[in-house]
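Spelled out as structure tokens, the structure:
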């Protein structure tokens, strides 16, 4: 048990970090929550006018908001699911002993280390309908006669975004899962094999249960990051075509920076923040159950 002096010392050491977190995290959220109760746009000459629940009531009938929320949900669910499956497969491979494993591990993390905006620009060129690499490969293989407008077709544009995001962030999940795999004792697998278990049974009965905490942690981080995706979408599609790839973050950016509707933009931020809190709380509860 810590005595009072040790507890006081611990809080004093934590105070600078807590102060910084308050300045960069708590204050902006509190400010957005306060501003969401006011109408502040060009119609009010950028002066705050108390609106009560007006901004939130407006949100209920805002089709563009619900469309952006749907787009964000589709992007998050599909991309995170693919990243988990591919990341687990890569982690299993990197956990094996083979020549040059250290080099392969280093190379595999490169996509995650690249700046998202730069990577998004590269993928926009790759999916370009006139001189993109994807269309060139498909044409050479005889699969298409003319270039496909990947970023100009709603369903294909979302597909391109998901492909780019999966390529970049799968290494992040694989590294987390690899750390979890390396903490599992080889003796467990050896004992399981002696009992006549197949590799699939060992994976299902040993690897997955012991790896579940790392899986949930990876899902927690990636869900929060994917739900707040901005830079990749902004660089590749800008939310188009026709709003088919517009995420909540892009919509908030347009509301605040393009239309100067600060009150409504703040309400969008608050609702998005609460949705993320609910998702994080649900994942945290699941994590505690797994660890129990």
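In our numbering, the protein residues as written are 23 to 314. Cβ coordinates follow ideal geometry from the N, Cα and C atoms, glycine included.
As for any alpha helix (DSSP H) of minimum length 4 sitting wholly inside the segment 223-254, the runs are 230-249, ordered along the chain. Beta-bridge annotation (DSSP): residue 72 is paired with 60.
For residue 268, the three-state secondary structure derived from DSSP is coil. The distance from the Cβ of residue 89 to that of residue 265 is about 6 Å, consistent with a contact at the 8 Å cut-off. In this structure, the alpha-carbon of residue 176 lies about 25 Å from that of residue 163.
Residues of the same chain with a CB within less than 6 Å of the CB of residue 272, apart from the 5 flanking positions on each side, are 255, 261 in chain order. Taken atom to atom, the span from the alpha-carbon of residue 108 to that of residue 59 is near 44 Å. The beta carbons of residue 190 and residue 141 sit about 6 Å from each other, so the pair counts as a contact at 8 Å. The beta carbon of residue 242 sits closer than 8 Å to those of 302, 305, 306, 309, all from its chain and outside the five residues before and after it, given in chain order.
Counting the other CB atoms within 10 Å of its CB gives residue 83 a total below 16, which places it among the exposed residues. Residue 47 and residue 299 have their C-alpha atoms some 14 Å from each other. Judged by beta-carbon spacing, residue 173 lies beyond the 9 Å limit of residue 202, meaning their Cβ atoms are not closer than that value. Under the three-state reduction of DSSP output, residue 219 falls in the coil class, being neither helix nor strand. Of the residues assessed, residue 71 falls on the exposed side of the cut-off, its CB having fewer than 16 other CB atoms within 10 angstroms. Across the structure, residue 125 and residue 132 are spaced so that their CA atoms are roughly 11 Å apart.
Secondary structure at residue 152: coil, using DSSP grouped into helix, strand and coil.
By a beta-carbon distance limit of 8 Å, residue 113 contacts residue 196. Their separation comes to about 5 Å. Ranked by Cα distance from residue 239, the first of 154, 199, 94 is 199. Collapsing the DSSP output to three states places residue 118 in coil. Under the three-state reduction of DSSP output, residue 294 falls in the helix class.
For residue 236 and residue 281, the gap between their C-alpha atoms comes out near 42 Å.
In the three-state reduction of the DSSP assignment, residue 205 falls in the coil class. Each residue's CA atom was taken as its position, placing residue 165 and residue 180 some 21 Å apart. The Cβ neighbour count for residue 145, taken over all protein chains shown within 10 Å, is at least 16; the residue is labelled buried.
About 4 Å separates the beta carbon of residue 94 from that of residue 269, a gap short enough to meet the 8 Å contact definition. For residue 123, the enclosing alpha helix (DSSP H) has its first and last residue at 123-130.
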